[in-house]
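In what follows, a single structure is set out as structure tokens and then discussed.
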Amino acid sequence: MDPQIYTTLLTVTAGLYFVAALTALGRLLAGPNSMDRLVSLESMIAMTQGMLAVYIAWSMDTSVAYAMLVIALLGFISSLSVARFRVPDQRPKATARGGSRDAAREAARDAAQQAVREADLKHVDEKEDHF
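Put into structure tokens, the structure is as follows:
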């Protein structure tokens, strides 16, 4: 392949990765909830690996492959930890009609769910059952 065409293709690819990374960074900063931020972070990790692959193709130096492996492992571990320890985002309360029985039941159910969530978030030492 002609070196000029090869360099042009790699430059276009790097530019597209840069634009995609900026878009994902915007979603990371402005995401309305934590799951949007997590998806954005995962896509940035994948794009970083892609950018390193483009660098490997451009420089013909495979020593960066170890960095790609570390980035992949860190991305996997960060996804697992966020998925495991994520606290659900607070959703806006639905407005119910003032005097209906359904609204009272719904409010009681929401209060019970909130109490369970707060009990789950207590520190381990404060819980009654120790393992």
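According to UniProt numbering, the sequence shown is numbered sequentially starting from 1. Note that the Cβ used here is the ideal one computed from N, Cα and C, for glycine as well.
query: Nearest residue (CA-CA) to F18, options Q4, T7, V54, S78; result: V54
query: The segment 20-32 contacting the segment 60-71, beta-carbon criterion three pairs below 8 Å; result: no
query: Cβ-based burial, L29 [other Cβ within 10 Å; buried from 16]; result: exposed
query: Beta-carbon gap between S43 and A24 smaller than 8 Å; result: yes
query: Secondary structure of P3, DSSP reduced to three states; result: helix
query: Under the three-state DSSP convention, the category T8 falls into; result: helix
query: Alpha carbon of S79 to alpha carbon of S100, nearest angstrom; result: 43 Å
query: Nearest-angstrom Cα separation, counted from I5 out to S40; result: 32 Å
query: Which listed residue (A119, S81, M51) has its alpha carbon closest to that of V12; result: M51
query: Nearest-angstrom Cα separation, counted from E106 out to S38; result: One point to set straight first is that residue 38 is Leu, not Ser, in the sequence displayed. The alpha-carbon atoms of L38 and E106 are separated by roughly 31 Å.
query: Q114 versus G75 - alpha carbon distance; result: 32 Å
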